[in-house]
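Contents: one structure, followed by commentary.
Number of protein chains: 2
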Amino acid sequence: MLSHKAKYALKALLYLAEQDENHISKTIEIADGANIPKKFLEQILLDLKRGRFVSSKQGKFGGYYLIKSKNEITLAEIHRLFDGAIALLPCASLNFYEPCSDCKTESECSLRHGLMLIRDKTLKAMEGITIASLVKK
Amino acid sequence: MLSHKAKYALKALLYLAEQDENHISKTIEIADGANIPKKFLEQILLDLKRGRFVSSKQGKFGGYYLIKSKNEITLAEIHRLFDGAIALLPCASLNFYEPCSDCKTESECSLRHGLMLIRDKTLKAMEGITIASLVKK
DNA sequence: CTAAACTCTATCGGTTTAATAGAATTTGTA
DNA sequence: TACAAATTCTATTAAACCGATAGAGTTTAG
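Written out as structure tokens, the structure reads:
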């Protein structure tokens, strides 16, 4: 499941993607437009900035704007940024790999192989969902 | 991600699937064999029993055994039993559907459609992973 | 200088999770 | 019938996580 943070992040990106080119959106604008608690959204936007999906302008008349093409922002990336691994267990993860503590012999995890199959398919599907593809709908 | 419960459940089922037909496994046996805390495993086995995956014999010389074919127990079912929805948001879930509280108009959720695509693909993949397929590896 | 915005850090209450504890019940057998 | 060995049930715990809020600090335009 997606955390609220990830869900809100997607909605915020969607909102930004729908604005005119070069428009800068204030946090309060996005919060109202996408129905997200403002103070919570502030944190999320900072995370998105650190992740290089958006950038910001400070001070009066500042705000946020996309710096990555809406065709290139995928559900997989946003899920990873906010919720971590896409795989069902750390031992099957590409970006958040950790060995199982309860598997007797290393790489002798009975689940790993099957879970890697799932990960590959899920990942592929999630990479096919972009902000642009969601806007169109 | 899978919870520890779901992971342990899969490992316990795997252990049971590897035993001789008609063999009854004591909890302590499974716990040692699959490296699972015994008292925690007790609860998990009860859940698996309520889910009709295993059955038990009480009293001395009692224990647990599979009552569902290892070809018919899928990762999807175990995941649902212990962790709930497979979809990324409740509004995209088949078995745990709930409307989004923060979507202005009902069925106007901008994410729902995309997430249902993901759900379908992930579900299909997870239904392809059975206990039998994991044992073979 | 001031207003309006982003930035940063801390905190809070609630829920969930992983695990443990212990008493109750059931059953086979000596 | 008593006992031992097993499941069953309910409660509790400690820690982590989550969603959200608060407030002080910094930056910028005018």
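Taken in order, these protein sequences are the chains called W and Y.
Numbering of the first sequence is given in the working numbering, commencing with residue 390 and proceeding in unit increments.
Numbering of the second sequence is given in the working numbering, commencing with residue 390 and proceeding in unit increments.
Glycine residues also receive a C-beta, built at the ideal position from the N, C-alpha and C atoms.
Cβ-based neighbour list, residue i, same chain, cut-off 6 Å, excluding 5 preceding and 5 following
i: Y459/W; result: What sits at residue 459/W in the sequence shown is Lys, not Tyr. These residues qualify, in order along the chain: A406, I520 and A521.
i: Y454/Y; result: I413
i: I419/W; result: A401 and Y404
i: C498/Y; result: C480, C489 and C492
Proximal residues of chain W, C-beta to C-beta of residue i below 9 Å
i: D436/Y; result: Residues of chain W passing the Cβ test: none, with the nearest at roughly 18 Å.
Same chain, Cβ closer than 7 Å to residue i, five either side skipped, listed in chain order
i: A481/W; result: R501, L504, M505 and R508
i: I462/Y; result: L402, F442, T519 and I520
i: S444/Y; result: K438, Y454 and I456
i: L512/W; result: A465 and I475
i: K446/W; result: I413 and G452
i: G440/W; result: L470
i: F485/Y; result: G473, A474 and P479
i: G422/Y; result: Y404
i: Q408/W; result: S414
Interface flag, residue i vs chain W, CB-CB below 8 Å
i: D491/Y; result: yes
i: S522/Y; result: yes
i: S499/Y; result: yes
i: L391/Y; result: yes
i: L470/Y; result: no
i: I467/Y; result: no
i: K400/Y; result: yes
i: K394/Y; result: no
Integer Cβ distance of residue i from residue j, believed to fall under 8 Å
i: I467/Y; j: L399/Y; result: 6 Å
i: I433/Y; j: K394/Y; result: 6 Å
i: T416/W; j: L430/W; result: 6 Å
i: M390/W; j: A474/Y; result: 6 Å
i: K510/Y; j: K510/W; result: 6 Å
i: S392/W; j: D472/W; result: 5 Å
Partner residues on chain Y for residue i, Cβ-Cβ distance less than 7 Å
i: M505/W; result: Correct list: empty, because the minimum Cβ distance to chain Y is about 11 Å.
i: K457/W; result: The premise fails here: K457/W is roughly 18 Å from chain Y at the closest Cβ pair, so nothing lies under 7 Å.
i: I413/W; result: Ordered by position in chain Y, no residue passes the 7 Å Cβ test against I413/W, which lies about 21 Å from the chain.
Beta carbon proximity, residue i to chain Y, threshold 8 Å
i: A474/W; result: yes
i: N460/W; result: no
i: N484/W; result: no
i: L478/W; result: yes
i: I518/W; result: yes
Under 9 Å from the C-beta of residue i: neighbouring residues of chain Y
i: L403/W; result: S499 and L500
i: L342/W; result: Since the displayed chain W opens at 390 and closes at 526, residue 342/W lies outside it and no answer follows.
Residues that residue i contacts on chain W, provided the C-beta gap is smaller than 7 Å
i: L512/Y; result: Within chain W, no residue comes near L512/Y; the closest Cβ sits about 10 Å away, beyond 7 Å.
Contact set between residue i and chain Y, taken where Cβ atoms lie within less than 8 Å
i: I417/W; result: Result: empty, since nearest Cβ-Cβ is about 16 Å, beyond 8 Å.
Beta-carbon contacts of residue i that lie in its chain and below 8 Å, excluding the five residues immediately before and after
i: P426/W; result: A420
i: L424/W; result: Residue 424/W is actually Asn in this sequence, not Leu. Answer for N424/W: K400, listed in chain order.
i: E516/Y; result: T463, L464 and A465
i: F450/Y; result: I413
Item to check | Start-end ranges of the alpha helix (DSSP H) lying completely within the segment 413-482 of chain W, minimum 4 residues | outcome: Assignment of alpha helix (DSSP H) within the segment 413-482 of chain W, counting only whole runs of 4 or more residues, yields 416-423, 427-439 and 464-472 in chain order.
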